[in-house]
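Heads up: the sequence shown begins at 205 in the numbering used here, then just goes up one per residue. Positions of the beta carbon are idealized from the N, C-alpha and C atoms, including for glycine. The structure presented is a predicted model; accordingly, all values stated were derived computationally and were not measured.
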Amino acid sequence: MAWSWRYEAADGRVLEDSALPGELFSSRGDAESWLGESWRSLTDAGASQVTLLEDERPVYSMSLAEPTEPA
């Protein structure tokens, strides 16, 4: 089983930019830890959201936007 991230624009369009990493992970935990360390560089490269894939099957999607504090 291989785990990876699919990078997406805010409208859900899949980003195919070669500047975005194509990392593969042996576990879900490794993939999630990597994202926790790398999400800022992914947003700098143009990703607005990501989807975790187990092999090619989508597991969940999440936004990379920083949470805003209530006014």
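Alpha carbon of residue i to alpha carbon of residue j, nearest angstrom
{"i": "ALA223", "j": "ARG261", "result": "23 Å"}
{"i": "PRO271", "j": "ASP215", "result": "18 Å"}
{"i": "ALA213", "j": "MET205", "result": "26 Å"}
{"i": "GLY226", "j": "GLU273", "result": "32 Å"}
{"i": "GLU258", "j": "ARG217", "result": "19 Å"}
{"i": "ARG244", "j": "SER231", "result": "22 Å"}
Residue(s) in a DSSP beta bridge with residue i
{"i": "THR255", "result": "ARG210 and SER265"}
Exposure label - residue i; buried when at least 16 CB within 10 Å
{"i": "ALA269", "result": "exposed"}
{"i": "PRO254", "result": "One detail in the question is off: residue 254 reads as Val in this sequence, not Pro. Result: buried."}
Own chain, CB closer than 7 Å to residue i, minus 5 neighbours either side, in chain order
{"i": "ALA251", "result": "TYR211, GLU212, LEU219, LEU224 and LEU268"}
{"i": "MET266", "result": "GLN253 and VAL254"}
Residues of its chain near residue i, where Cβ-Cβ distance is below 6 Å and the 5 sequence neighbours each way are ignored
{"i": "LEU239", "result": "none"}
{"i": "VAL263", "result": "LEU256"}
{"i": "LEU228", "result": "ALA206 and SER208"}
Sequence-distant residues of the same chain with beta carbon closer than 8 Å to residue i, five excluded per side
{"i": "ASP234", "result": "TRP207"}
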